[in-house]
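Worksheet: the structure to be examined is printed underneath.
Numbering (the UniProt record's numbering), first residue to last: 1 to 200.
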């Protein structure tokens with residue numbers, strides 16, 4: 001069959017039948033990796049959520065213990081040579097308790113904000129992880145340093161007289177040890193997060 005000008009006439013051919021046959025009852029294409037991929041993602045999200053909440057809880061404990069150490073040591077004034085500010089070691093305990101209270105308070109506020117809004121305060125997740133890791137380590141080392149410096153003084157004062165002044169000093173030192181422990185564990189978690197995080 002040719003057209004009047006002599007070119008072959010194109011015949012209309014029907015479209016090839018679709019491979020699926022039934023349009024309404026199609027099966028979805030298989031996802032690469034199968035259903036295990038979804039469960040792995042869900043487990044990872046739960047693990048990250050648990051890590052965030054655990055880090056918040058540890059910093060909350062650190063905040064509480066630091067605040068108690070600050071309050072106990074600042075109120076440890078009983079006159080007659082029993083004032084904390086007459087001893088350099090106790091002034092150091094107070095200074096580090098104040099610093100630790102400020103740091104952990106800001107960190108707790110930041111983590112509560114991130115958990116409630118879903119947005120991070122820092123634009124870079126890596127910067128946030130670095131701040132957590134190094135900040136926790138520095139404050140933890142300062143806490144253990146201050147507590148360790150004040151223990152020998154408290155023991156020597158207790159040999160002379162065991163009174164409310166030495167008991168209050170021992171309580172403040174104990175709170176600093178507990179704050180150190182919580183921030184040391186938080187630093188371990190921050191280090192794990194820093195080492196295993198994908199920054200894409």
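For each residue, glycine too, the CB sits at the ideal point set by N, CA and C.
Since we're looking at a predicted model, the values are computed, not measured.
Contacting residues, own chain, Cβ-Cβ under 6 Å from residue i (five flanking each side not counted)
i: residue 84; result: 73, 76, 90
i: residue 193; result: 129
i: residue 69; result: 97, 172, 175, 176
i: residue 168; result: 72, 76
i: residue 133; result: 190, 191, 194
Under the three-state DSSP convention, the category residue i falls into
i: residue 83; result: strand
For residue j and residue i, believed in contact at Cβ under 8 Å, the rounded distance
i: residue 147; j: residue 93; result: 7 Å
i: residue 183; j: residue 153; result: Residue 183 to residue 153, Cβ: 23 Å. No contact.
i: residue 66; j: residue 179; result: 5 Å
Close-in-space but distant-in-sequence residues of the same chain around residue i (CB under 7 Å, 5 per side omitted)
i: residue 164; result: 78
i: residue 63; result: 101, 104, 105, 108
i: residue 166; result: 154, 157, 158
i: residue 54; result: 189
Close-in-space but distant-in-sequence residues of the same chain around residue i (CB under 8 Å, 5 per side omitted)
i: residue 99; result: 139, 142
i: residue 52; result: 111, 114, 115
i: residue 151; result: 173
i: residue 118; result: none
i: residue 149; result: 89, 92, 93
Report task. Would you check if there are 3 or more beta carbon pairs closer than 8 Å linking the segment 160 to 176 to the segment 103 to 113? Result -> As far as the Cβ criterion goes, the segment 160 to 176 does not touch the segment 103 to 113, which means the pair count is below three.
Requested in this report: Could you name each continuous alpha helix (DSSP H) segment of 4 residues or more that falls completely within the segment 87 to 160, going from the start of the chain to the end?
Outcome: Correct list: 88 to 117, 125 to 160.
Query raised in the report: Three or more beta-carbon pairs under 8 Å between the segment 51 to 66 and the segment 121 to 128, yes or no?
Result: Under the 8 Å Cβ criterion, the segment 51 to 66 does not count as touching the segment 121 to 128, having fewer than three qualifying pairs.
Requested in this report: Give a yes or no on contact between the segment 131 to 143 and the segment 40 to 50, applying the rule of three or more CB pairs nearer than 8 Å.
Outcome: Judged by Cβ distances under 8 Å, the segment 131 to 143 makes no contact with the segment 40 to 50, as fewer than three pairs qualify.
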